[in-house]
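Asker: Just remember that this note's numbering sits 968 ahead of the position in the sequence shown, which is counted from 1.
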Amino acid sequence: MLERWIKPEEWWLKVNCDGVLDLKKEVAGSSVIVRDCDGAMVDGLCKKMMANSALMAETLAFKDGIGLVIEKK
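Here it is, written out as structure tokens:
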């Protein structure tokens, strides 16, 4: 299945979040990227975090994305 980024409407920003979990290494991470309607990066973050499931890692990444948007408001 081919996936591609779909740009937001003009004057809107798009926030993409992803959480990752490696149970063997007992490490998790979060990444967030904010792009404008031209695909240009406006902001983003990447960090290590504590999580014990993939669902928790994804949820925390979503929380990081919302937090980044609120912080830059």
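The beta-carbon is built from N, C-alpha and C at its ideal position, and this holds for glycine as well.
Using the three-state DSSP reduction, which class does residue 1006 fall into: helix, strand or coil?
Answerer: For the purposes of this step, residue 1006 is taken as residue 38 along the sequence shown, with counting starting at 1. It is coil, neither helix nor strand.
Asker: As a quick exercise: from 1004, 995 and 981, pick the residue whose alpha carbon is nearest that of residue 1025.
Answerer: Taking the first residue of the sequence shown as position 1, residue 1025 is located at position 57. Selected option, being the one with the closest Cα: 995.
Asker: Could you give the residue range of the alpha helix (DSSP H) that holds residue 1023?
Answerer: Locating residue 1023 in the sequence shown gives position 55, counting from the first residue. Its alpha helix (DSSP H) spans residues 1022-1040.
Asker: Take residue 972 as the anchor and find which of 1023, 979, 984 and 1034 has the nearest alpha-carbon.
Answerer: Along the sequence shown, read from residue 1 onward, the residue named residue 972 stands at position 4. In terms of CA proximity to residue 972, 984 leads the group 1023, 979, 984 and 1034.
Asker: May I have the straight-line CA-CA distance separating residue 1030 from residue 1008, to the nearest angstrom?
Answerer: Start at 1 with the first residue of the sequence shown, and residue 1030 comes out as number 62. Start at 1 with the first residue of the sequence shown, and residue 1008 comes out as number 40. Roughly 20 Å separates the two Cα atoms.
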